[in-house]
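Letter 83 of the sequence shown, counting from 1, is numbered 82 in numbering that gives the first Met the number 0, and no numbers are missing.
Beneath this line is the structure, given in structure tokens, with notes to follow.
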Amino acid sequence: MSCILITGGARAGKSSYAQKLAAEIGEKVLFVATAEAKDEDMRMRIEKHKKSRPSYWKTLEAPKDVANVIESAGGGYSVVIIDCITMLVSNVMLGAENETSAESEILKEIDALINVMKTSPATFILVSNEVGLGIVPDNELSRNYRDLLGRANQLIASYADGVYLLVAGIPVKIK
């Protein structure tokens, strides 16, 4: 069992690097996609991502309850990629009744995911955006999102065996 967090800015090469690592680690890969195709742009991005990975990798869509989806998939996977925590936090946050419940639900989601990783022999590769390097957002919703994603990333990074920051397609090992 091990956990690798790959973070970085938008279009920094995080997903490609995650797929490269997964291919090097093992052949039986479970790919858990958290994005939902709510508009044409997102549909096109999802299709591009699907085409970029081997067809023999099993793909499951899990906009929420990622831990339960992974457990339901059964064992036997050498690698589990979760792409991405960024969308997972957004999905949970936007589905919550209020800011307090959003924070609680996100923390439960991350805690459940860490518990699944602790009991699985698979290597987990988690992809997430780093959104805390820019300016302070001008609205409350965006600030709350940035803060909650930052907290989720910190929890995962503290558990992870390895953490990589992707910059212009180049992985920089930070843990």
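Backbone N, C-alpha and C define an ideal beta-carbon position, used for all residues, glycine too.
All values reported here derive from a predicted model rather than from experimental measurement.
{"query": "Taking just the CA atoms, how far does residue 50 sit from residue 129?", "result": "25 Å"}
{"query": "What residue range is occupied by the uninterrupted beta strand (DSSP E) comprising residue 127?", "result": "122–128"}
{"query": "So, residue 17 versus residue 124, is the Cβ gap smaller than 7 Å?", "result": "yes"}
{"query": "Inspect the CB distances between the stretch 98–108 and the stretch 43–62 and report whether three or more fall short of 8 Å.", "result": "no"}
{"query": "Using 8 Å for Cβ pairs, my map puts residue 76 next to residue 28. What's the rounded Cβ distance?", "result": "7 Å"}
{"query": "Starting from residue 163, trace the beta strand (DSSP E) both ways and give me its first and last residue.", "result": "161–166"}
{"query": "With the cut-off set at 7 Å, would you say residue 13 and residue 3 are in Cβ contact?", "result": "no"}
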